[in-house]
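One structure is given here, and the rest of the page talks about it.
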Amino acid sequence: MIPALREVDEVQALYLQFLQALADAGFRGDITPSYANRMVLATDNSIYQVLPQAVVYPRDNRDLQLLARLADREDFHSVVLSPRGGGTGTNGQSLSDGLVVDISRHMNQILEINVEQRWVRVQAGVVKDQLNAALKHHDLFFAPELSTSNRATIGGMINTDASGQGSCVYGKTRDHVLELHTVLIGGELWQSSCIDEARLREISGGDKRSAKVHKTCDEIARQKADLIEQKFPKLNRCLTGYDLAHIRENGCFNLNSVLCGSEGTLGFVAEAKLNLLPIPECVALVNLKYDHFRDALRDAKHLMDAGPMSIETVDSKVLQLAMEDIVWHSVSGFFPTEDRPVKGINLVEYAADSEEELESALARFTTQIGEVIGQPGKSFGYSIARGHAEVNRIWAMRKRAVGLLGNAPGEKRPIPFVEDTAVPPEQLADFIAEFRAILDEAGLDYGMFGHVDAGVLHVRPAIDMKDPQQAAHIRPITDRVVALTQKYQGLLWGEHGKGVRSEYAPEFFGELYPELQKIKAAFDPRNQLNPGKIATPDDSTNLLKIDAVAIRGEYDRQIPAQVWEGYSEGVHCNGNGACFNWNPDDAMCPSYKATRNRIHSPKGRASLMREWLRLLSGHDVNAIASARKYRERSFFVGLPKRIVNSLAKMRGEYDFNHEVNEAMQGCLACKSCVGQCPIKVDVPEFRSKFLELYYSRYLRPLRDYAVAGLEFLMPQLAKLPQLYNWPLQLKPVTALMESAFGMVDSPRLSQVTLKARVRELGVPTASKACLEALGPTQCSRAVIIVQDAFTSYFDAKVVSDILRLLKHLDFVPLLAPYRANGKPLHVYGFLRQFQRVAQGNSEMLNNLAARGIPLVGIDPSMTLTYRSEYKKLLGERAPKVQLLQEWLAEQQDHLAQQRERVRPGSFQLLPHCTEQTIATASLKDWQTVFSALGLELQTENLGCCGMAGTYGHEAVHKETSRVIFQQSWAAKLSHGEGNQLATGYSCRCQANRFAGVSLRHPLQGLLAQLKN
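Note that the working numbering numbers the sequence shown so that position 683 is 1917, with each residue one more than the last.
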């Protein structure tokens, strides 16, 4: 039995008083001082971990002004406020030991789009991809392009003055900001834009904070013009934060140059008016391959002479990790496997307003590279992607490079701490050669990718931060890289902001640094806004130091190695934030999308899991050993104690275990994180381990036993389906189901049982005798359909229709004897029982497969359990069960022979989310199958349907399930057309429940097209 975890870092009294005053003053947003919420926001994508005192989520500008006014009160002058957007920073920009102000949850509305004048007005919490999705209908977009564009907020982009791919053409965020609405300390809401001298004098003559800010910045810009000219480098990625070099441009004064890149140290950016650009009509990407990464770097200058829009580079380490990721299936055709290894690639982009213009530019470029191709130091081959669809697939691969590096095998993983250097592009190759020498001397591996056209390369050394000796590399390597960038007239901070690395600002700015302090003092005299970053208001306070801020490794090393390895599916989360993906038509992570609560994200759950393991270790409790002991005991051992503990829980006694449980209960176990997280965080796996131990201390709800046991009861209940179905129509029964078992909208058993349908079809049950009786010809066309509880008992017609179709297509289908799959056991943390079921089921299925006849499952979620949960438990002893489309695609030639028997038609596939993310390549198999039979099939991009097994039937989750369904599926369903096909039982059930739409299985669609 695990202990109660009551000893956690408590919120300081001053902050509790501040939060109470905030609530009393009418704060409309959310105030969350819980340990779980604080822990989830204690990390970003950097190496650091800083626990905030609390988190607040303002609902509007008024809430932000209220925060700023309250902080200006004398009794709260010590309160620290730090804004946060997507939380994907690599330098700890948004980490704070004070109050985190997360603007992303509520302040995420697109307020106005002006197509004619090409501008948009947005709240700071709008995500870049969200904005561009809305602008796409108007053939406009907001530049620049970021690798984190599906979760990076506009406010975060402004606060780091973000740039990215294509910056040599599109510039930085600052270049597209027309107006900002910023809340200053004291509560003043200031609108800043390009103003003339008369307006500047008028503003500076006032008595508010905005007046002092303008007067101070103007004086520094005038009096220190020569020094500013000297200190700010002439690079595409010039210094971010307090950008005095651009405060006067085009005959006007623009405070936004100072605010962009200020990382929340000057005020709260609430709204922005942004310049928009037309989407290029035509695009192409030339993918050049090299024998050495250094050749790719050196060749970049020669390539730039041809005038492309951008050049991105990726080294062999990143490329290899991409090849092992789900993203590779979409781009592999552009990087064919060959004997000659690829050690580096350059991605060269062209854009034009017409095909003729584009082809002309490509012709010039390919002629240029063709003259030197294969020569020493040059590319040895290339491919060309044309059109937005193809080009975007390759950029998606490049975007995942950031996270993919964090998935390198072993404990030494590439991390960001010197990854953002910028030097003149023509000197990049020489700079990187010396950079690599520093890392080679330290004996470190590393991965590299970046923007060679802008002289920015992201170099991430591989270090196990749990090892103090390895962590000690951070200081000396950073110091040497700083010196190296100065040698090449470059910068330590190319585009990812300063954050904790602000320590080196005085060294870079020199005698100009005191002027930056004056700017900070004008905005924030008491150092309350994100202190320790970029500049301090005076010399009485210090900037943060890279080795004085707590790192994650300090906490992670408190977890025993055995436990760390036993929970490897969660502990390696590096905070890249891919699970905060905005797109509702992307499967990644439905519970976060529905709640906008970061504890209900893979990153949030992984953070809580790591802290839970650390706290258990502090009690000398080994989670692996505890689970082993628990599985060996009878259910009744410890039952009285569990009852006592559960009564204490009902009385409200605090236990951090409850906060972790809340986060885990919100997970749908859809496994989208496993496929789409570049680190391969597997929440359902560590969730099941947590639930097993949590319920060693507390009583389980009856619901868990009912759902976990359903697979085993099905054969008996199905004998009299009316006896099961009829009571579910009665209101007293449904009320009892909800109150006692927490279940709603329970599905009905099939009225005509599968057994009766199979008997009518004459499909035999797969047995040893039956298989031995098959002749060679029959064996070559035979397939064993593996049953699952959902389709066999709740959707028996789907199974019988599939069997009927297979017979019509001249296959020999057999039906495996029904055995419980065990997935519900795993989902609810009954791991001892799951192990027993998996072993027994595997033995039966392996015996059936011994004759070489393929095993094929119908429901994607249940079938993929064999290659996921079974594989982890049993290794090579796990049965090899294919998805229907995977097996049918292998029969392509046979299907083509049946084409004459099939009427033409077109269909739309609505895939299961687990199928999309765990078996991504299999979606193409569906198209192969339909095409072989002369049918058209279009696969729809969809998020999760919100059902996920029994999640949607749990009363506590019904409304969240509905929200998830409405976010993606509801808008995609066509009523009455009948050409939409859904692979998942859950999906078909959910569409019928919330939209009244009856969807067919893809093979039912095929069956209906048969002429006879």
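Even glycine gets a Cβ: it sits at the ideal position worked out from N, Cα and C. If you're wondering where the values come from, they're calculated on a predicted model, not measured in any experiment.
Reference ILE1429; option with closest CA among ASP1243, GLY1440, GLY1420, LEU1412: That would be LEU1412, whose Cα lies nearest to the Cα of ILE1429.
Are the CB atoms of MET1699 and ILE1265 nearer to each other than 8 Å? Not a contact, by the Cβ cut-off of 8 Å.
With a threshold of 7 Å on Cβ separation, who are the neighbours of ILE1708 within its own chain once the five nearest residues in sequence on each side are excluded? Here the set comprises PHE1651, ILE1780, ASP1781.
Distance CB(ILE1793)-CB(ARG1848) smaller than 8 Å: In this structure, ARG1848 lies closer than 8 Å to ILE1793 by Cβ.
What residues in its chain sit with their C-beta under 7 Å from that of LYS1200, if we drop five residues either side in the sequence? Nothing can be reported for residue 1200: it is not among the residues displayed for the chain, which extend from 1235 to 2246.
Thinking LEU1750 and PHE1743 are a contact (beta carbons under 8 Å), I'd like their distance in whole angstroms, please. Contact flag correct, Cβ pair sits at about 6 Å.
Using the three-state DSSP reduction, which class does TRP1727 fall into: helix, strand or coil? In the structure shown, TRP1727 sits in coil (DSSP, three-state: anything other than H, G, I, E or B).
Kindly indicate the opening and closing residues of the beta strand (DSSP E) around LEU1847. Boundaries for LEU1847: no beta strand (DSSP E) harbours it, while the alpha helix (DSSP H) harbouring it runs 1836-1852, taken from the DSSP string.
Is SER2261 buried or exposed, if buried means 16 or more other CB atoms sit within 10 Å of its CB? Lying outside 1235 to 2246, the shown extent of the chain, residue 2261 is not represented and no answer is given.
When we look at the beta-carbon of GLN1327 and count the other beta-carbons within 10 Å, is it buried (16 or more) or exposed? Buried: at least 16 other Cβ atoms inside 10 Å.
Between PHE1869 and SER1880, what straight-line distance do the alpha-carbon atoms span, to the nearest angstrom? Near 16 Å, if we compare the C-alpha coordinates of SER1880 and PHE1869.
In chain order, which continuous runs of the alpha helix (DSSP H) of length 4 or greater are located wholly inside the stretch 2059-2120? For secondary structure counted as the alpha helix (DSSP H) over 4 or more consecutive residues, the stretch 2059-2120 holds these complete runs in sequence order: 2065-2083, 2094-2098, 2103-2108.
Tell me which same chain residues have a C-beta within less than 6 Å of the C-beta of GLU2120, skipping the five on either side of it? Within the same chain, GLU2120 has close Cβ partners SER2156, ASP2159.
For TRP1232: DSSP bridge partner residues: Given a span of 1235 to 2246 for the chain in the structure shown, any question on residue 1232 remains unanswerable.
Three-state secondary structure (DSSP) at PHE2141? Three-state result, PHE2141: strand.
Whole angstroms are fine: how far does the CA of GLN2142 sit from the CA of ALA2205? Distance from the CA of ALA2205 to the CA of GLN2142, rounded to the nearest whole angstrom, comes to 14 Å.
Can you give me the Cβ contacts of THR2097 inside the same chain, cut-off strictly under 6 Å, excluding the 5 residues immediately before and after it? Excluding sequence neighbours, THR2097 sits near GLY2091, VAL2115, LEU2117.
Enclosing alpha helix (DSSP H) for GLU1431 [first to last residue]: Element bounds for GLU1431: 1431-1438.
Ignore the nearest five residues each way along the sequence and tell me which others in ALA1534's own chain have a CB closer than 6 Å to its CB. Exclusion of the five residues before and after ALA1534 leaves ILE1545, VAL1686 as the residues of its chain whose Cβ lies within less than 6 Å of its Cβ.
Which first and last residues belong to the beta strand (DSSP E) in which CYS1516 is found? Counting along the chain, the beta strand (DSSP E) containing CYS1516 begins and ends at 1516-1524.
Under DSSP, the beta strand (DSSP E) around SER1544 begins and ends at which residues? In this chain, the beta strand (DSSP E) harbouring SER1544 covers 1544-1549.
Assigned exposure category for SER2232 - 16 Cβ within 10 Å defines buried: With fewer than 16 neighbouring CB atoms inside 10 Å of its own CB, SER2232 falls in the exposed class.
State the Cα-Cα distance for the pair CYS2004 and PRO1998, rounded to the nearest angstrom. Rounded to the nearest whole angstrom, the CA to CA distance from CYS2004 to PRO1998 is 8 Å.
Measure from the alpha carbon of ILE1513 to the alpha carbon of each residue in SER1588, GLY1323, LYS1551, then state which is nearest. In terms of CA proximity to ILE1513, SER1588 leads the group SER1588, GLY1323, LYS1551.
Using a Cβ distance threshold of 8 Å, determine whether the stretch 1848-1861 contacts the stretch 1287-1296, with at least three qualifying pairs required. With the cut-off at 8 Å, the stretch 1848-1861 and the stretch 1287-1296 do not touch.
Cutting at 6 Å between CB atoms, please list the residues of its own chain near GLN1343, excluding the five before and the five after it. So the list reads GLN1357, once near-sequence residues are dropped.
Suppose contacts are defined by Cβ-Cβ distances below 8 Å. Is THR1416 in contact with MET1391 by that definition? In this structure, MET1391 does not lie closer than 8 Å to THR1416 by Cβ.
Using DSSP bridges, identify the partner residues of ASN1509. For ASN1509, the beta-bridge partners assigned by DSSP are TRP1353.
At least three beta-carbon pairs within less than 8 Å, the stretch 2035-2048 to the stretch 2234-2246: Flag = yes, the stretch 2035-2048 and the stretch 2234-2246 touch.
For the stretch 1763-1774 and the stretch 1490-1501, state whether three or more C-beta atom pairs, one from each stretch, are separated by less than 8 Å. When C-beta atoms of the stretch 1763-1774 are compared with those of the stretch 1490-1501, three or more pairs fall below 8 Å, so the two segments count as touching.
If you reduce the DSSP assignment to three classes, tell me which class GLU1737 lands in. Annotated three-state conformation of GLU1737 is helix, per DSSP.
When DSSP builds the beta bridges, which residues end up paired with ILE1682? Here residue 1682 is Met; the residue named in the question, Ile, does not match the sequence. Within the DSSP secondary-structure output, MET1682 pairs in a beta bridge with VAL1693.
Spatial neighbours of ALA1897 in its chain, beta-carbon cut-off 7 Å, leaving aside the 5 residues before and after: Within the same chain, ALA1897 has close Cβ partners ALA1270, ILE1833, HIS1834, GLY1838, ARG1839, LEU1842.
To the nearest angstrom, report how far apart TYR2185 and ARG2196 are at their CA atoms. About 11 Å.
For the ligand NAP, any of its heavy atoms closer than 7 Å to the Cβ of GLN2131? With respect to small molecules bound, the structure shown includes none, and the ligand NAP cannot be examined in it.
Mark GLN2172 as exposed unless 16 or more other C-beta atoms lie within 10 angstroms of its C-beta, in which case mark it buried. It counts as exposed.
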